[in-house]
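Heads up: the structure comes next, in structure tokens.
2 protein chains.
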Amino acid sequence: MRAKQASAEADWPASGRIARATPGAGTLANTLHRRLRDEIASGRLEPGARLDEQDIADIHGCSRTPVREAFRLLAAERLVELRGRQGAVVRSISAQTLIEMFQVMGELEGLCARLAARRSTPAQNAGLQAIHTRLVEAASAPADVFYDINEEFHEAIYEAAHNAFLAEETRRLRNRVAAYRRRVTHMPTRVEDTLREHAEIMAAILARDPEAAHRSMRAHLTLLGENLLDLIAGLD
Amino acid sequence: MRAKQASAEADWPASGRIARATPGAGTLANTLHRRLRDEIASGRLEPGARLDEQDIADIHGCSRTPVREAFRLLAAERLVELRGRQGAVVRSISAQTLIEMFQVMGELEGLCARLAARRSTPAQNAGLQAIHTRLVEAASAPADVFYDINEEFHEAIYEAAHNAFLAEETRRLRNRVAAYRRRVTHMPTRVEDTLREHAEIMAAILARDPEAAHRSMRAHLTLLGENLLDLIAGLD
DNA sequence: GAGCCCGAGTTTGCACACATTGAAAGGGTC
DNA sequence: GACCCTTTCAATGTGTGCAAACTCGGGCTC
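Protein chains in written order, with my numbering: chain G, 276 to 511; chain X, 276 to 511.
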């Protein structure tokens, strides 16, 4: 018998047995994949946490087979690391890698902004403004609420870029650093900085100025990355 | 009994049973993953080709379990598409998506070139020149030889950028379009165009001119993308 | 003759059992 | 007392069986 099971189940709020025929979910493996990814992105599963096949299987009420497949998918996304027979652990990202990632994200989100400045429809512009207004109003709301609306803003720009492939890749990268990025929201001046930078990005897009949009978005990501590094440095 | 097995095995030159303890390969699933990825990238498995779990298992002398895991990994890389219970097929990329992909690759490889111009070591510069010389000499060699050296050139720039994360992502994208990209090599003026464009990129890197390097690399990718579209248009 | 329904067959999805391999703990020796 | 060897055990890797679902073909009805 496995002693860990009881405590693990208690620590897993978002679990519960998966109905064999969950409607749009598809396969068990895909459902588990999504669930675990959310757990990691939200920070409920912290970097370095060990994932045990049998535990996850017990918790979700299925066998090890779909769990293993979900692990492979997470590993392919670089969200977890499979260490041979030593189990799977949630990947932790070094400061060096975070710097590198934010440089790449700056370029990709910069491209999104540039394309959005050229291609966004009037409706998309209006949507962007609406989201920004909500973000301003949420300035003193709980960090999680602010974070979610913030994400909506970026998502709206991906859409407005009208490049599905770019949107998909950018989203993927975003997910990979989500657990870290989320923490930055709690920093002192980050909320007001974000609002100012977003306003600048939005203005450039509305003004149909691709280069300015690119520049502001890249600057936004650079500053975010620097804030994140400050945070990490402070944790040591 | 499965009638397809015999013919399938005959059509699979790079196969053979996997020794249970293949040295650096790790697990069977990983080995299969690599093998299938190479098959797809090289074009031996064409877009739209159906992959049957049992067939692949028979061919490689293992059970379906590792094959299934390899399929999931390929699906996570977007190299194959899993259609529920309808089997796995090698993903074909639409012209629209190819345009989008080359735009993103242009940005990423452009960033590589820009960073390489700032960061490459003398040894890396020398290596780059050596590869370019070999590429010039291979101008009238078989297309596959030219293609491989061409890839080395780009790989050398990824290395010279000194951003491991960027290199990894760029490589991943490159792999995804490899099956298509390879065909462009056979186009009439592509060899000489490539040599000219590479020379320009290399000159910018050697001259430590980041913006010029970025610009030439992006132009290189744009032209490559356009050539690819011409090729595809001609196939219809 | 065309369209629909239904059943056989094939293929995937999942569970379970066994094999294999690191790792940690225990005892022995120097 | 410290180090090394051995043994045991727990967790992963792989093989196999069963059930559900999708496909395709044949027969029926309109």
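Built from N, CA and C at the ideal position, the CB exists for glycine as well.
Do you know offhand how far residue i's Cα is from residue j's?
i	j	result
T469 of chain G	V452 of chain G	17 Å
G252 of chain G	N450 of chain G	The first residue shown for chain G is 276 and the last is 511, placing residue 252 of chain G beyond what the model contains.
L504 of chain X	L311 of chain G	39 Å
Y455 of chain G	P322 of chain X	37 Å
F428 of chain X	A442 of chain X	13 Å
D423 of chain X	G362 of chain X	32 Å
F421 of chain X	L373 of chain G	36 Å
R393 of chain G	E352 of chain X	30 Å
Y433 of chain X	A416 of chain X	25 Å
I480 of chain G	N438 of chain G	16 Å
E328 of chain X	V365 of chain X	13 Å
R343 of chain G	R490 of chain G	43 Å
A398 of chain G	A405 of chain G	10 Å
T497 of chain G	A487 of chain G	15 Å
P298 of chain X	T306 of chain X	With a pLDDT of 45 at P298 of chain X, under the threshold of 50, the modelled position of that residue is not reliable, and no figure is offered here.
N502 of chain X	A508 of chain X	10 Å
L357 of chain X	A316 of chain X	18 Å
T445 of chain X	R389 of chain X	14 Å
L499 of chain G	V459 of chain G	8 Å
R483 of chain X	S369 of chain G	29 Å
L518 of chain G	G359 of chain G	Outside the displayed span of chain G (276 to 511) sits residue 518 of chain G, for which this structure offers no information.
P485 of chain G	E384 of chain G	12 Å
E314 of chain X	E472 of chain G	46 Å
G402 of chain G	V379 of chain G	27 Å
L506 of chain G	C387 of chain G	27 Å
G336 of chain X	R493 of chain X	44 Å
H495 of chain X	E430 of chain X	15 Å
A324 of chain G	A478 of chain G	42 Å
F377 of chain X	S395 of chain G	20 Å
Q371 of chain G	A436 of chain X	14 Å
E412 of chain G	I476 of chain G	18 Å
A304 of chain X	L326 of chain G	19 Å
A474 of chain G	T408 of chain G	10 Å
Is DSSP giving residue i helix, strand or coil here?
i	result
T297 of chain X	Residue placement at T297 of chain X cannot be trusted, given a pLDDT of 45 that sits under 50; what the coordinates show is reported in the next sentence. Three-state result, T297 of chain X: coil.
R325 of chain X	strand
T340 of chain G	helix
E352 of chain X	coil
A487 of chain G	helix
M380 of chain G	helix
T408 of chain G	helix
A413 of chain G	helix
M462 of chain X	coil
S369 of chain G	coil
H437 of chain G	coil
G318 of chain X	coil
I476 of chain X	helix
A418 of chain X	helix
A482 of chain G	coil
S302 of chain G	The sequence shown places Thr at residue 302 of chain G, rather than the Ser named in the question. It is coil, neither helix nor strand.
Counting only beta-carbon atoms, is residue i nearer than 8 Å to chain X?
i	result
F440 of chain G	yes
L506 of chain G	no
E344 of chain G	yes
E444 of chain G	yes
E475 of chain G	no
R347 of chain G	yes
M462 of chain G	no
Q361 of chain G	no
G500 of chain G	no
A296 of chain G	With a pLDDT of 45 at A296 of chain G, under the threshold of 50, the modelled position of that residue is not reliable, and no figure is offered here.
E375 of chain G	yes
A351 of chain G	yes
L311 of chain G	no
So who's on the other strand from residue i, going by DSSP bridges?
i	result
L357 of chain G	G:A363
Kindly indicate if chain G contains any beta-carbon less than 8 Å away from that of residue i.
i	result
T396 of chain X	no
T372 of chain X	yes
L383 of chain X	yes
V379 of chain X	yes
M492 of chain X	no
E321 of chain X	no
L386 of chain X	yes
G301 of chain X	yes
Next item on the list: Would you check if there are 3 or more beta carbon pairs closer than 8 Å linking the stretch 457 to 473 of chain G to the stretch 343 to 362 of chain G?
Entry: no
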